[in-house]
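Here the structure is laid out as structure tokens; the discussion comes afterwards.
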Amino acid sequence: MRRFRKSLIDTMNIAYIGLGKMGRNMVERLITRGYTVIAYDSNPEARVLTEKLGATVVDTIGALIKNTSTPRTIWVMVPHHVVETVLGELKPHLGKGDTIIEGGNSPFKESIRRHKEFAAMGVAFLDAGISGGPGGAKDGACIMVGGTQEHYEIHEPLFKDLAVLNGYAYVGSTGAGHFVKMVHNGIEYGMMQALAEGFDMLQQAQFEKPLPLTAIANLYNHGSVIESRLVLWLLKGFETYGEDLRTITGSAQASGEGLWTVKTAKDMGIPVDVIEGALTARKKSLTSPSYQGQLISVMRNQFGGHDATSLPAGRKHS
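Put into structure tokens, the structure is as follows:
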């Protein structure tokens with residue numbers, strides 16, 4: 052049996068910032084596992100919903116810190132474009148021995164910089180890439196952790212409790228967690244594009260009757276080489292919205308990590324033709340909506356809860 056590193060840090064007492072789709076579900080998972088969670092979000096509605104789960108909710112970051120025992124463990128789960136603002140608000144309240152776990156999709160180089168800044172204050176910084184969407188956040192996520200081995204081991208019980216079975220790992224030094232998550236998302240782009248292209252072919256195939264896309268998706272997910280969660284989410288999309296996906300937008304959105312993957316690969320001198328092609332296809336779909344765009348949109352809706360039902364003007368199947 053794995054023995055965890057002992058520490059003065061009370062890893063069962065967590066301060067949590069960011070109560071959106073992912074954060075709120077992670078807080079609920081922690082509470083069901085006996086953690087004491089003090090939570091904050093700038094959105095009053097999110098605070099109300101989280102309080103109903105059993106968390107202690109506060110309305111300022113200052114109150115969050117004041118009500119958390121020292122040395123503190125603070126999990127930050129906000130979109131990458133507001134991470135800097137949130138961390139800036141935290142800094143004046145932190146003390147030596149505190150730990151920040153940053154679980155958003157931040158660029159890995161920013162995580163390396165932040166680690167250095169917090170280390171100078173005596174504050175530990177772990178970057179944690181989280182995959183699995185809101186469902187994974189509630190039922191067990193995949194967690195990729197970067198930082199010092201020592202601080203990872205101190206908080207390993209926390210990662211274990213938040214993850215699906217065998218779904219967490221220390222992947223390397225500071226920045227590695229967010230780097231591994233960035234590459235994961237780039238791979239995800241390529242896989243989703245391949246599925247979209249294949250099912251576009253199936254949808255347009257000329258046989259006596261239209262091919263049964265729902266049945267084919269179900270078939271692919273029983274023993275085939277491409278059996279996967281993405282195929283399952285596509286299947287669920289067909290079951291929910293119909294095979295024509297008529298109410299689903301044909302403009303596939305991108306959240307940034309695909310572009311980061313391509314840029315980083317070019318800096319490394321590594322060709323990523325599939326990922327770059329998938330990113331280009333999404334960009335094209337913004338001005339030329341297509342069935343492939345609808346397929347990607349419905350997968351994003353199923354695994355991430357992304358809005359996919361607002362049809363752009365003039366949408367048509369390709």
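The opening position of the sequence shown corresponds to residue 52 in our numbering, with each subsequent residue numbered one higher. Built from N, CA and C at the ideal position, the CB exists for glycine as well.
Residues near residue i in its chain [Cβ-Cβ closer than 7 Å; skip 5 each side]
| i | result |
| --- | --- |
| M350 | M243, L281, W284, L285, G288 |
| A303 | R333, S336, G344, I347, S348 |
| E248 | Q343 |
| W311 | P158, M233 |
| Y271 | I277, E278, V282 |
| G69 | D92, V127, M128, V129 |
| V231 | G180, M195, V222 |
| T241 | Looking at the sequence provided, one finds Gly at residue 241 rather than Thr. Excluding residues within five positions, the ones whose Cβ falls inside 7 Å are V325, I326, A329. |
| A268 | V282, L285, L286, F289 |
| Y292 | T298, I299, V349 |
Identified DSSP bridge partners for residue i
| i | result |
| --- | --- |
| I89 | A66, T107 |
| W126 | Y67, I152 |
| Y219 | I194 |
| A214 | A192 |
Endpoints, alpha helix (DSSP H) assigned at residue i
| i | result |
| --- | --- |
| F176 | Taken as a continuous stretch (DSSP letters only), F176 belongs to no alpha helix (DSSP H), being part of the beta strand (DSSP E) at 175-182. |
| A170 | 159-170 |
| V133 | 131-141 |
| R351 | 342-355 |
| K147 | Unbroken run through K147: none, as it is neither H nor E. |
| T101 | 95-102 |
| L14 | Summary: the structure shown does not reach residue 14, with the chain confined to residues 52 through 369, and so no result is reported for it. |
| E290 | 280-292 |
| H235 | 227-255 |
| T83 | 72-83 |
| I112 | 112-117 |
Exposed unless 16 or more other CB atoms sit within 10 angstroms - verdict on residue i
| i | result |
| --- | --- |
| P122 | buried |
| D92 | buried |
| H202 | buried |
| R53 | Because the pLDDT of R53 is 48, which lies under 50, any placement of that residue in the model is unreliable, and the number read from its coordinates should be weighed accordingly. Flag for R53 reads exposed. |
| T136 | exposed |
| H206 | buried |
| F250 | buried |
| Q254 | buried |
| H132 | exposed |
| E153 | buried |
| N118 | exposed |
| Q257 | exposed |
| H229 | buried |
| N94 | exposed |
| Q200 | exposed |
| G309 | buried |
| R165 | buried |
| T300 | buried |
| D178 | buried |
Proximal residues to residue i (C-beta, below 8 Å), its chain only, five neighbours per side dropped
| i | result |
| --- | --- |
| P185 | K72, M73, N76, G355, G356 |
| G191 | R80, G183, L213, A214, V215, L216, G218 |
| G365 | In this predicted model, G365 has a pLDDT of only 39, less than 50, meaning its place in the structure is not dependable; the value taken from the coordinates is given anyway. Excluding positions up to five away in sequence, the list reads P340. |
| K211 | Y219 |
| V78 | Y67, L70, V88, A90, T101, L104, A106 |
| M172 | K142, L145, K147 |
| K314 | none |
| E290 | T265 |
| D110 | Y91, P95, R98 |
Contact set for residue i: own chain, Cβ-Cβ below 6 Å, skip 5 residues either direction
| i | result |
| --- | --- |
| N64 | T87, S120 |
| F169 | F176 |
| R98 | D92, V108 |
| G320 | none |
| I125 | A66, I151 |
| I163 | T225, G226 |
| D149 | P122, R123, V174 |
| K367 | The predicted model places K367 with a pLDDT of 42, which falls under 50 and marks its position as unreliable, so this point remains unresolved. |
| N352 | A359 |
| C193 | S182, G183, G218 |
| A316 | V323 |
Counting only runs of 3+ residues fully inside the segment 297-336, write out the beta strand (DSSP E) ranges in chain order. none
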